[in-house]
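Throughout, the numbering used here is defined as the position within the sequence shown, counted from one, plus 491. Below you'll find the structure, written out as structure tokens, and then a few comments.
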Amino acid sequence: MIKENLIEVQNKIAQACERSGRNREDVTLIAVSKTKPISYIEEAISSGQKEFGENKAQEMKEKYETLTKDLNWHFIGHLQTNKVKYVVGRASLIHSVDSLHLAQAIEKESAKKELVTNILIEVNVAQEESKFGLKSEETEKLVREIATLPHVKIQGLMTIAPYVEDPEENRTIFRHLKKLSVDIAAKNIDNVSMSILSMGMTNDYEVAVEEGASHVRVGTAIFGERDYSI
Ligand SMILES: *Cc1c(COP(=O)(O)O)cnc(C)c1O
């Protein structure tokens, strides 16, 4: 089932690329495996999937330790500073940095481990829905502050759009994030890249691709509904 689901999502991404005149190679599919067992991830790996997303630090660490090292892990959840040690050195990209305080904790752990950690700034474009992420107007200031940290590298922006019946409703949110990323890129800030745009989930990833997503984070459409009762 997971194999068929992956093929279907890949096809829809390819079609969205075609509709919007984009190259398929410019969009990376992250399979969001949070709450799902190792066996599901192994099935996805056997279908060629290498990018996985998790939102809990310890869960990501356990899955990282258990599975082949030939994978890229994306940390997509809210990260507390006391959990940074589990994620730095394991996640190839942390999508959810929304404060200088968190970036400083990542800097400290990365310096200790002698590596540079790739991060995205989480912007709460839709405001009312999510508790996390910063306002668009605050983004450039935070980018400039984090840019001074030598063991942290900003690679772009991320947003979580609200769940909506009609994914078209999120198009303006994705367009807004894309514009913000282009505007910040134009400032040519040292140590800052705006090459990654992480947006789009099961319900709206096709619209996100049409609006310029470089990374889509898809869970349910690949692994099925999550069961939080167990
Ligand atoms: C769970 C989650 C996803 C995947 O959501 P689906 O609707 O299952 O595709 C994507 N991004 C973030 C930040 C998530 O927490």
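Don't be surprised by glycine CBs; every beta carbon is placed ideally from N, CA and C. As the structure is a computational prediction, the values presented were derived from the model and not from experiment.
Exercise for the section: Measure from the alpha carbon of Gly691 to the alpha carbon of each residue in Met551, Ile610, Val616, then state which is nearest. Expected result: For the options Met551, Ile610, Val616, the alpha carbon positioned closest to that of Gly691 is the one of Val616.
Exercise for the section: Determine which residues share a DSSP beta bridge with Lys644 and list them. Expected result: Asn609
Problem - Endpoints, alpha helix (DSSP H) assigned at Met492 - result: Annotation for Met492: no alpha helix (DSSP H) segment contains it, and DSSP assigns it neither H nor E.
Practice task
Using only the heavy atoms of ligand 1, determine whether one of them is closer than 7 Å to the beta carbon of Glu498.
Solution key: A small correction: the amino acid at residue 498 is Ile; Glu does not occupy that position in the sequence shown. It does not: the Cβ of Ile498 is nowhere closer than 7 Å to a heavy atom of ligand 1.
Problem - 7 Å Cβ shell around His569 - same chain, five flanking residues per side excluded - result: Ser587, Phe623
Problem - Residue interval of the alpha helix (DSSP H) (run including Gly714) - result: With the sequence shown as reference, residue 714 is identified as Phe, and Gly is not the correct amino acid for it. Residues 711 to 714.
Practice task
With DSSP as the reference, please indicate the residues paired to Phe543 in a beta bridge.
Solution key: Answer is Ala522, Trp564.
Exercise for the section: Return the chain-ordered list of same chain residues with a C-beta closer than 8 Å to the C-beta of Lys626, the five sequence neighbours on each side being excluded. Expected result: Answer for Lys626: Val614, Asn615, Gln618, listed in chain order.
Exercise for the section: Pick helix, strand or coil for Ala704, following the three-state DSSP scheme. Expected result: Reduced to three states, the DSSP call for Ala704 is coil.
Practice task
Identify every run of the beta strand (DSSP E) within the region 616 to 687, keeping only runs that are complete inside it and at least 3 residues long; order them along the chain.
Solution key: 643 to 649
Exercise for the section: Indicate the three-state DSSP secondary structure (helix, strand or coil) for Leu570 in the structure shown. Expected result: coil
Handout entry: Straight-line gap, Pro653 to Asn661 (C-alpha atoms, nearest Å)
Key = 8 Å
Practice task
For my contact list, Leu520 and Val698 are in at a C-beta cut-off of 8 Å; report their separation, rounded to the angstrom.
Solution key: Incorrect: roughly 15 Å between the Cβ atoms, too far for contact.
Exercise for the section: Indicate, with yes or no, if ligand 1 has a heavy atom lying under 7 Å from the CB of Met690. Expected result: no
Practice task
Give a single yes or no on whether Lys525 has its beta carbon closer than 7 Å to a heavy atom of ligand 1.
Solution key: yes
Practice task
Kindly indicate which residue of Leu591, Leu558, Leu562, Ser601 has the alpha-carbon position closest to the one of Val578.
Solution key: The shortest C-alpha separation from Val578 is found at Ser601.
Practice task
Specify, as a first and last residue, the run of the alpha helix (DSSP H) that Ser601 falls within.
Solution key: 591 to 603
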